[in-house]
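Colleague:
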Amino acid sequence: MSWMVWTVPTAIFFSAIAAMLAGMTVWEIVSPTIERKGFLPISTTRGDRLFVGLLSAAFIHLGVIGYTSLSIWLALAASLAWLLVLMRWG
Amino acid sequence: MNKVYNNRAWLLVLPMLILVAFSAIVPLMTVVNYSVQDVLGPNASFFTGTEWFRAMLNDPELQAAFLRQIVFSLTILAIQVPLGIGIALIMPKRGWQASAVLILITLPLLIPWNVVGSIWQIFTRGDIGLMGWGLRQLGVDYNITRDGTDAWLTIILMDVWHWTPLVAMLCYSGLRSIPDAYYQAARIDRASKWAVFRYIQLPKLTNVLVIAVLLRFMHSFMIYAEPFVLTGGGPGSSTTFLSQSLTTMAVGQQDLGPSAAFSIIYFLVILLVSWVFYTTIMNMQKDKNSQGGA
Amino acid sequence: MSYQLDNTQPGEKYNTIFSRVTPTQRRKRNARSRLRSRLLLGLYLVLMILPIYWLLNMSLQTNSEILGSMTMWPENLTFDNYIGIFTNSSWYMGYVNSIAYVLMNMLITICVALPAAYAFSRYSFIGDKHLFFWLLTNLMAPPAVFLLPYFQLYYSVGLFDTHIAVALAHCLFNIPLAIWILEGFMSSVPKEIDETAYIDGYSFPRFFVKIFIPMIRSGIGVTLFFLFMFSWVELLLARTLTSTDAQPIGMIMTRTSTASGIDWGTLAAAGVLTIIPGVLVVYFVRNHIAKGFALGRT
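Protein chains in written order, with the numbering used here: chain V, 1 to 90; chain H, 91 to 384; chain C, 385 to 682.
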């Protein structure tokens with residue numbers, strides 16, 4: 001495994017993703033999602049909204065890292081806020 | 091489409107999942123790990139945080155390659171889609187001629203990509219290639235190793251030659267699924283050829299065309315072997331596309347960190363585009379099903 | 385002022401409103417448009433074949449003829465280039481290696497893709513849509529992204545420079561493709577067939593092998609064709625994961641360029657030989673291939 005050169009931040013990152021997937025699965029078993037239409041132009045399930053949220057979070061991070069001198073934590077906070085908005089009203 | 095809800099279906103998916111995950115997830119994790127470090131050797135690496143990402147996003151050479159890539163992909167789509175539809179419309183529908191044409195048309199798709207490069211390298215050489223020699227005889231100053239425009243045009247021509255068959259085959263299969271009754275009705279109505287195309291054939295084609303555009307866009311976005319063999323990315327860097335910049339950086343210069351960061355950006359762009367296409371396809375199918383059900 | 389339809393002449397009889405062309409004229413017109421489309425198609429095919437013909441032409445010439453003069457067909461027909469390839473094991477082993485990993489990949493892929501495609505076409509389960517999308521992203525992922533980790537991964541598990549390594553690596557895009565095509569073919573088989581079989585007391589494995597697989601034979605044939613095609617034409621991963629023992633033919637072809645110039649004749653002959661397996665395979669599935677290109681969905 002040493003060739004994978006793990007670091008603490010990336011390990012946390014992947015654990016968070018795995019935890020999210022596990023959480024979504026449990027949530028789905030407890031109360032199955034209903035497809036609905038929010039402010040996004042397509043009707044989505046919970047999983048779709050999570051995916052849209054994560055993908056836009058990635059691009060928010062890239063934008064902040066590449067073209068501004070803002071802190072990456074700010075990007076993270078913005079992404080989390082956006083993710084919550086999406087999950088609730090998307 | 092009323093599928094049975096049954097989570098035991100996961101058991102059927104599992105073997106496939108393990109294999110694909112082995113090939114996809116482990117390498118992807120490794121790429122992410124590389125991207126935040128300066129990897130010098132097996133046990134010598136330094137954490138660099140987001141430095142590589144910042145460097146890659148602001149690298150003028152990569153930005154140029156990205157722009158070239160987009161221009162290239164849109165150009166070949168603009169040529170291949172209409173040409174493919176046109177060919178599909180004039181392909182014979184039945185008999186031995188249909189089989190023969192099918193086999194001939196798929197031929198370019200079955201040639202290994204680097205051989206496609208070799209074929210065109212030979213074909214366009216001024217001294218031994220039919221096209222290069224012929225153009226020179228006609229008085230055209232054609233040289234793909236020195237003239238950037240010639241190299242560009244040749245690569246586009248090569249890609250059109252290589253991949254138009256895919257679009258044509260997709261459209262052909264879409265056309266074949268139109269029942270004869272539709273054409274008979276059109277004949278009774280004395281519909282013009284254009285009307286037949288616009289109101290019978292084109293609607294049937296939209297489904298396959300979305301798949302064609304998706305596949306063509308994605309494949310052209312990762313084009314590597316053909317231009318690598320044909321022009322080597324030159325002259326200068328006028329035909330260096332994304333995959334080639336990436337491979338040069340990763341394999342040629344052994345810059346693991348930067349190339350990993352670049353890979354992730356590249357992958358995110360692909361992910362975004364394929365999600366948009368996928369959602370479009372799925373929504374189209376859903377619309378069709380709900381219409382059929384009503 | 386009299387009522388006048390816009391495609392009639394004044395004073396024309398009613399029945400000519402529908403057609404001002406007689407049946408003979410129409411037949412002639414149809415024949416002419418057919419001829420025109422045949423000509424266009426012929427033109428396209430000729431232009432398409434030309435580069436391949438040129439390769440074939442060069443493969444049958446000696447290097448001195450290739451470089452010496454412009455000949456539209458081989459004047460001194462020679463098979464030396466082909467003989468050279470078939471008598472040199474370092475050359476023909478390239479073909480053996482390529483075919484070996486392609487066949488392995490086809491076998492592995494179809495075995496795991498069949499049940500998975502069945503699951504996608506018949507059942508809905510937690511995360512099915514997202515799983516399907518994830519599979520497709522692998523089809524779209526540029527191999528260049530995965531090059532380095534692949535090298536490291538297969539090196540660390542001791543599979544570097546083996547056929548199975550390339551076969552497994554090609555699963556990355558071939559399994560998603562196979563599932564996508566097979567799912568389309570399976571969805572067109574009515575579900576009543578499954579239900580009847582279960583009522584008749586078939587177990588799932590027996591039903592799947594005895595009834596279901598024969599029903600989608602043509603779909604499987606077409607899928608195998610596509611698996612062959614994409615594994616055969618891919619070089620970047622195959623090249624990265626091999627060094628000497630399992631080197632694909634595409635890599636060996638680069639050997640023709642040496643310090644003393646390029647051996648054009650051998651390069652052309654090797655190129656022609658890479659096209660032949662594809663032609664053989666496409667011949668077998670020619671009747672179903674059109675449906676396969678639409679992923680079984682038309």
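For each residue, glycine too, the CB sits at the ideal point set by N, CA and C.
Check whether the region 206 to 215 of chain H touches the region 308 to 321 of chain H, taking contact to mean three or more Cβ pairs, one atom from each stretch, closer than 8 Å.
Modeller: These segments touch.
Colleague: Any idea what DSSP makes of H/LEU130, helix, strand or coil?
Modeller: The count along the second sequence starts at 1 and reaches residue 130 of chain H at position 40. If DSSP states are grouped into helix, strand and coil, H/LEU130 belongs with the strands.
Colleague: Compile a chain-ordered list of the residues in the region 532 to 551 of chain C whose CB is closer than 8 Å to at least one CB of chain H.
Modeller: So the list reads LEU532, PRO533, TYR534, GLN536, LEU537, given in the order they occur along the chain.
Colleague: Shortest alpha-carbon distance to C/GLU576 belongs to which of C/ALA562, C/LEU561, C/ILE595, C/TRP564?
Modeller: On the third sequence, position 192 is the one that residue 576 of chain C refers to. That would be C/ILE595, whose Cα lies nearest to the Cα of C/GLU576.
Colleague: Given a threshold of 16 other Cβ atoms within 10 Å of its Cβ, counted over all protein chains shown, does H/TRP251 qualify as buried or as exposed?
Modeller: Here residue 251 of chain H is taken as the residue at index 161 of the second sequence, counted from 1. H/TRP251 is buried by the Cβ-count criterion.
Colleague: Relative to the alpha-carbon of H/LEU256, which residue among H/VAL122, H/ILE212, H/VAL286, H/ILE177 has its alpha-carbon at the smallest distance?
Modeller: As a position in the second sequence, residue 256 of chain H is number 166, starting the count at 1. It is H/ILE177 whose Cα lies nearest to the Cα of H/LEU256.
Colleague: For chain C, check one thing: does any of its Cβ atoms lie closer than 8 Å to the Cβ of H/TYR273?
Modeller: By one-based count along the second sequence, residue 273 of chain H stands at place 183. Not an interface residue.
Colleague: Is the CB of V/LEU50 under 8 Å away from at least one CB in chain H?
Modeller: On the first sequence, residue 50 of chain V is found 50 positions in, with the first residue counted as 1. V/LEU50 does not count as touching chain H.
Colleague: Which residue or residues does DSSP assign as beta-bridge partners of H/PHE136?
Modeller: Locating residue 136 of chain H in the second sequence gives position 46, where the first residue counts as 1. H/PHE136 is bridged to H/ASP128.
Colleague: For a minimum of 4 consecutive residues, which ranges assigned as the alpha helix (DSSP H) are wholly contained in the region 287 to 373 of chain H?
Modeller: If we require 4 residues or more, the alpha helix (DSSP H) runs fully inside the region 287 to 373 of chain H come out as 292 to 311, 315 to 320, 332 to 337.
Colleague: Determine whether the Cβ of V/TRP3 lies closer than 8 Å to any Cβ atom of chain D.
Modeller: Although the question refers to chain D, the structure presented lacks it and instead comprises the protein chains V, H and C.
Colleague: Would you list the residues sitting across from C/SER508 in a DSSP beta bridge?
Modeller: What you label residue 508 of chain C is simply residue 124 of the third sequence in a count that begins at 1. H/TYR95, per the DSSP bridge assignment.
Colleague: Skipping 5 residues on each side, what residues in its chain have a beta carbon closer than 7 Å to that of H/SER353?
Modeller: For the purposes of this step, residue 353 of chain H is taken as the residue at position 263 of the second sequence. The answer, listed in chain order, is VAL121, LEU336.
Colleague: So, do the region 594 to 612 of chain C and the region 644 to 657 of chain C have three or more beta carbon pairs nearer to each other than 8 Å?
Modeller: Counting Cβ pairs under 8 Å, fewer than three are found: no touch.
Colleague: State the Cα-Cα distance for the pair H/GLN153 and H/THR338, rounded to the nearest angstrom.
Modeller: Mapped onto the second sequence, residue 153 of chain H falls at position 63. Mapped onto the second sequence, residue 338 of chain H falls at position 248. One C-alpha to the other measures close to 15 Å.
Colleague: For V/LEU86, which residues of its own chain have a beta-carbon under 7 Å away from its beta-carbon, when the five flanking residues on both sides are left out?
Modeller: Working through the first sequence from its first residue, we reach residue 86 of chain V at position 86. The answer, listed in chain order, is ARG49, VAL52, GLY53.
Colleague: Beta-carbon within less than 6 Å of H/ALA188's beta-carbon, same chain only, minus the 5 sequence neighbours each way: which residues are those?
Modeller: Within the second sequence, residue 188 of chain H is the residue found at index 98, counting from 1. Taken in chain order, the residues that qualify are PRO182.
Colleague: Using only the alpha-carbon positions, how far apart do C/LEU389 and H/ARG280 sit?
Modeller: Residue numbering aside, residue 389 of chain C sits at position 5 when the third sequence is read from its first letter. Residue numbering aside, residue 280 of chain H sits at position 190 when the second sequence is read from its first letter. For C/LEU389, the predicted structure reports a pLDDT of 49, less than 50, and the residue's modelled location is therefore unreliable. The matter cannot be settled from this model.
Colleague: Going by DSSP in three states, C/THR342 sits in which element: helix, strand or coil?
Modeller: What is shown of chain C runs 385 to 682, which leaves residue 342 of chain C out entirely.
Colleague: Give me the chain H residues within the contact set of C/PHE530, using Cβ-Cβ distance strictly less than 7 Å, ordered along the chain.
Modeller: Taking the first residue of the third sequence as position 1, residue 530 of chain C is located at position 146. Going along chain H in sequence order, the residues near C/PHE530 (Cβ under 7 Å) are PRO117.
Colleague: According to DSSP, simplified to helix, strand and coil, what is C/GLN388?
Modeller: Residue 388 of chain C sits at position 4 when you count from the first residue of the third sequence. Reliability of the predicted coordinates at C/GLN388 is poor, the pLDDT of 48 falling under 50, and the value obtained from them is presented with this limitation in mind. Of the three classes helix, strand and coil, the one that applies to C/GLN388 here is coil, per DSSP.
Colleague: Going by the beta-carbon positions, is the gap between H/LEU200 and C/VAL663 smaller than 8 Å?
Modeller: As a position in the second sequence, residue 200 of chain H is number 110, starting the count at 1. As a position in the third sequence, residue 663 of chain C is number 279, starting the count at 1. The answer is yes: Cβ separation under 8 Å.
Colleague: Answer yes or no: the CB of V/PHE51 versus the heavy atoms of the ligand MN, is any distance below 7 Å?
Modeller: Only the bare structure without any ligand can be found here, which leaves the ligand MN out of the picture.
Colleague: Just to confirm, are H/VAL129 and H/PHE137 a CB contact at a threshold of 8 Å?
Modeller: By 1-based counting over the second sequence, the position of residue 129 of chain H is 39. By 1-based counting over the second sequence, the position of residue 137 of chain H is 47. No; because the gap between Cβ atoms is not below 8 Å, this pair is not in contact.
Colleague: Do the region 479 to 492 of chain C and the region 601 to 620 of chain C meet, that is, are 3 or more Cβ pairs less than 8 Å apart?
Modeller: They touch, by the three-pair rule.
Colleague: At 8 Å on the CB atoms, spell out the chain H contacts of V/GLY90, in chain order.
Modeller: Sequence index remark: in the first sequence, residue 90 of chain V carries index 90 (1-based). Result: empty, since nearest Cβ-Cβ is about 14 Å, beyond 8 Å.
Colleague: In the structure shown, what three-state DSSP assignment does H/ALA384 receive?
Modeller: Locating residue 384 of chain H in the second sequence gives position 294, counting from the first residue. Model confidence at H/ALA384 stands at a pLDDT of 36, short of 50, so the residue's coordinates are unreliable and nothing is read from them.
Colleague: Put C/ILE450 into one of helix, strand or coil per three-state DSSP.
Modeller: Residue 450 of chain C sits at position 66 when you count from the first residue of the third sequence. Helix.
Colleague: Just by C-beta distance, which residues in the region 509 to 524 of chain C are closer than 7 Å to chain V?
Modeller: Hits within the stretch, in order: ILE510, GLY511, HIS514.
Colleague: The alpha helix (DSSP H) spanning H/GLN274 covers which residue range?
Modeller: Numbered from 1 along the second sequence, position 184 holds the residue referred to as residue 274 of chain H. 270 to 278 is the span of the alpha helix (DSSP H), which, as asked, contains H/GLN274.
Colleague: Taking DSSP as the reference, what is the three-state secondary structure of C/ARG411?
Modeller: Position 27 of the third sequence, counting from 1, holds the residue named residue 411 of chain C. Note: C/ARG411 maps to helix in three-state DSSP.
Colleague: Taking only beta-carbon atoms, is V/TRP6 less than 8 Å away from chain H?
Modeller: Here residue 6 of chain V is taken as the residue at index 6 of the first sequence, counted from 1. Answer yes: the Cβ-Cβ gap between V/TRP6 and chain H drops below 8 Å somewhere.
Colleague: Helix, strand or coil for C/ILE563, going by three-state DSSP, please let me know.
Modeller: Taking the first residue of the third sequence as 1, we reach residue 563 of chain C at position 179. In this structure, C/ILE563 counts as helix in the three-state DSSP scheme.
Colleague: Taking only beta carbons into account, state which residues of the region 92 to 107 of chain H come closer than 7 Å to chain C, listed in chain order.
Modeller: Correct list: LYS93, VAL94, TYR95, ASN96, ASN97, ALA99, TRP100, LEU102, VAL103, PRO105, MET106.
Colleague: Measuring only between beta-carbons, confirm whether V/GLU28 sits less than 8 Å from chain C.
Modeller: As a position in the first sequence, residue 28 of chain V is number 28, starting the count at 1. Closer than 8 Å to some Cβ of chain C, the Cβ of V/GLU28 qualifies, so yes.
Colleague: Taking the C-alpha atoms as reference points, what is the distance between H/TRP242 and C/MET456?
Modeller: Stepping through the second sequence from its first residue, residue 242 of chain H is reached at position 152. Stepping through the third sequence from its first residue, residue 456 of chain C is reached at position 72. Computed Cα separation, rounded: 27 Å.
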